[in-house]
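**Q** So the protein lines, in turn, are chains A and B.
Residue numbering for the first sequence follows this note's numbering, starting at 4 and increasing by one per position.
Residue numbering for the second sequence follows this note's numbering, starting at 5 and increasing by one per position.
All residues carry an ideal CB built from backbone N, CA and C; glycine is no exception.
Input: one structure, supplied below.
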Amino acid sequence: MKNIFLCLTLAILLPLLCEAQEDAFRYLEPIEKKYAGLKDYTADVKIHFDMETFKAPDMEAKIYYKFPDKVKVESKRVIFFPKEGGHFNPALFKEKDYEIKLLKALSDAGKNTVRLRLTPKTMKRNLKRLILTIDTDRNIIPEMEVIQFDGRKMKASIEYMTSNGFDLPSHIKLNIDIPSYDTEGVSEFDQWFKKPKGVNGSIEMTYSNYVINSGYRFDFFKRSRPSRKR
Amino acid sequence: MKLFLLETFKTFSRWRTYISFAVIALIVILTEVVMKLSGDEIVNRMLKPFQRDFFISGNVLNVWLITAFIMNSLHIHIPFLITLVAGDMVSSEATAGTIRFLLIRPPSRIRIITAKYLTALFYTAILVIFFAVLCVCLGLTLFGSGDLIVHHYGQFDVAFIPESEVPVRIFLSFIAAIWAMSVVASIAFLFSTLAENSIGPIIGTMAVVIVFLVLGSLPLDFFRMLKPYFFTTHMINLWQQFLEVPIQWHVIVRSAIVLGIHNICLFLTAMFMFKRKDIKS
């Protein structure tokens, strides 16, 4: 009797759950379609760090992106560029990769936005979930929150400009909150050793001079290691 | 001045003086060649805390990083090389039996000891300058220039020193290194005035340096409390502070003064001992 009741409950709930997923994805679908023609881009980026433990001058670099997930950053000088939230990747939010849930739909000052929670179906890059704020009028993502399993949080606030018919970031402010980090090699025996305090701060990236669909080859994005000669 | 020139000529006429230069050349060349061959591994290890969160590109492993890396071993091998000569300045006269001839000449004992001390300091400076020139010249050839990334091991803490600023900072840190190493020369020189052979001052100086370095690095609260009073702490602090962001000038000034006081006290003690030296027996 119990089993029958359980089966009935599942039979009723499962389509509802699937529907909820489908319903939430309808906010991402227009974005996917909007950027379907974006195969690659390059842009100049200026980076400003505002982190206590990251004393760096403003940096300039060139970023290369190729659909679906190839990224390369080049600079004449040494450069640190944030992996999560630092660049725009429209192919990041595939329905097959996430369980998508609608958190909130807002309408404020004539702007319609929704907040979605994306939970990866498979463990990848230590990613626990993404919280996206979507401007449903322009089909852009003005805010993205990345939450990782170890408690790291990154929140990107993105401003857009139109370049070659595509809305692409002109400015990204990335707030970083790292509660702990790898301290491999530091002896626990050490009486002086104090658990490192968390790291937080922000990184601002200003994009300009977009060049779109230049047709970069995949081998151009072969991982280059930081070191050696320029 | 004439005495100083004579002492300098005497010092640089001995073949043992050049052992230090040869050793430094060997250390620097070997280190830089090995770093050239295994550079990726070193950079990856250094930047591991950041590689998860950042794309890192550019010439991280450049001459300035290599120079700073090699300079970190300054407080271990350079003192030994300095003692080889500074510890021999006065004691070699006793060993060779020339001290009586030296002291019956017209120049006063104070002038003689001052000339010898200045020679020891001059040798120290030349050795560190040789070390600096070799590090930088070979490093520039092998690795090229770039921004200096200063990273505190095991911490999510990094500071960039722009390429335009690094040469001046490296130059200042080598000047600071000369000042720091002059204390080792002073200790060796003091021991040299007390001994009749050169082995004692060399071993004695190294023992003092090593004991203080070891005590200063022991991870125990008791030694942590004492560490600010060790001359070795100021020796290391002094040059390393020029590679911090921002430069802690008050730490540099304090360390420079502490080391200066050490130098004066050690030299005055050496002078006192030398003046009282009995050459009749």
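In whole angstroms, what separates the C-alpha of A:Pro85 from that of B:Ile268?
**A** 51 Å
**Q** Taking only beta-carbon positions, decide if A:Pro60 is within less than 8 Å of chain B.
**A** So, interface residue.
**Q** Taking 6 Å as the limit between beta carbons, can you name the residues of its chain near A:Asp170, skipping five residues before and five after?
**A** Within the same chain, A:Asp170 has close Cβ partners Ile143 and Tyr163.
**Q** Classify B:Ser177: buried if its beta carbon has 16 or more other beta carbons within 10 angstroms, exposed otherwise.
**A** buried
**Q** By how many angstroms is the C-alpha of A:Lys114 removed from the C-alpha of A:Asp140?
**A** 7 Å
**Q** Helix, strand or coil: which one does DSSP assign to B:Arg280?
**A** In the structure shown, B:Arg280 sits in coil (DSSP, three-state: anything other than H, G, I, E or B).
**Q** In whole angstroms, what separates the C-alpha of A:Pro71 from that of A:Ala94?
**A** 6 Å
**Q** Any beta carbon from chain B within less than 8 Å of A:Leu41's own beta carbon?
**A** no
**Q** So, with DSSP's three-state summary, where would you put A:Lys124?
**A** coil
**Q** Can you pull out the residues from the segment 201-217 of chain B whose beta carbon lies closer than 8 Å to at least one beta carbon of chain A?
**A** none
**Q** With C-beta atoms as the reference, is A:Lys156 less than 8 Å away from A:Glu146?
**A** no
**Q** Taking Cβ positions only, does A:Val149 come closer than 8 Å to chain B?
**A** no
**Q** What residue from B:Arg18, B:Met75, B:Val89 and B:Gly143 has the CA that sits closest to B:Phe246's CA?
**A** Distances from the CA of B:Phe246 to each of B:Arg18, B:Met75, B:Val89 and B:Gly143 were compared; the closest alpha carbon is that of B:Met75.
**Q** Would A:Lys69 be called buried (16 or more neighbouring beta carbons within 10 Å of its own) or exposed?
**A** buried
**Q** For the alpha helix (DSSP H) that B:Phe54 lies in, which residues bound it at each end?
**A** Gly43 to Gln55 is the extent of the alpha helix (DSSP H) around B:Phe54.
**Q** My assumption, with CB atoms under 8 Å, is that B:Ser24 sits in contact with B:Leu85. Please give the rounded CB distance.
**A** 4 Å
**Q** Name the one or two DSSP bridge partners that A:Phe169 has.
**A** Paired residue(s): A:Ser166.
**Q** Answer with yes or no whether the minimum CB distance from A:Pro172 to chain B is below 8 Å.
**A** At a cut-off of 8 Å between C-beta atoms, A:Pro172 does not count as an interface residue with respect to chain B.
**Q** Any C-beta of chain A within less than 9 Å: which residues of the segment 44-70 of chain B qualify?
**A** Asp44, Ile46, Val47, Asn48, Arg49, Leu51, Lys52, Pro53, Phe54, Gln55, Arg56, Asp57, Phe58, Phe59, Ile60, Ser61, Gly62, Asn63, Val64, Leu65 and Asn66
**Q** When the Cβ atoms of the segment 45-59 of chain B are set against those of the segment 138-149 of chain B, are three or more pairs found closer than 8 Å?
**A** no
**Q** With a threshold of 8 Å, are at least 3 pairs of Cβ atoms found where one atom belongs to the segment 41-55 of chain A and the other to the segment 206-221 of chain A?
**A** yes
**Q** The ligand MG and A:Gly40: does the residue's C-beta get closer than 7 Å to at least one heavy atom of that ligand?
**A** Questions concerning the ligand MG fall outside what the structure shown contains, since it holds no ligand whatsoever.
**Q** Go through its chain and collect everything with a Cβ distance to A:Glu98's Cβ below 6 Å, but skip five positions before and after it.
**A** Phe28
**Q** Buried or exposed: where does B:Ser95 fall if 16 or more other Cβ atoms within 10 Å of its Cβ makes it buried?
**A** buried
**Q** Listing by chain order, which chain B residues have their CB less than 7 Å from the CB of A:Lys86?
**A** Asp57, Phe58 and Phe59
**Q** Taking all protein chains shown into account, do 16 or more other C-beta atoms lie within 10 angstroms of the C-beta of B:Ala199, making it buried, or fewer, making it exposed?
**A** buried
**Q** Verify whether the separation of the beta carbon atoms of B:Phe195 and B:Pro205 is less than 8 Å.
**A** yes
**Q** Going by the CB atoms, is the gap between B:Gly91 and B:Thr197 shorter than 8 Å?
**A** no
**Q** Starting from B:Pro205, follow the alpha helix (DSSP H) in both directions and report where the run begins and ends.
**A** Ile203 to Ser221
**Q** Is A:Ser166 close to chain B? Criterion is C-beta to C-beta, closer than 8 Å.
**A** no
**Q** Kindly indicate which residue of A:Gly88, A:Phe223 and A:Val202 has the alpha-carbon position closest to the one of A:Ile161.
**A** A:Gly88
**Q** Just checking my contact of B:Leu106 with B:Ile116 at CB under 8 Å: how many whole Å lie between their CB atoms?
**A** Approximately 6 Å separates the beta-carbon atoms of B:Leu106 and B:Ile116; this is inside 8 Å, confirming the contact.
**Q** Is A:Thr56 close to chain B, meaning its C-beta is less than 8 Å from at least one C-beta of that chain?
**A** yes
**Q** Within 8 Å of any Cβ in chain B, is that where the Cβ of A:Val74 sits?
**A** yes
**Q** Mapping the DSSP letters down to three states, classify B:Arg18 as helix, strand or coil.
**A** coil
**Q** From A:Val74 to A:Tyr219, what does the alpha carbon distance come to, in whole angstroms?
**A** Using only the alpha carbons, I get a separation of about 11 Å.
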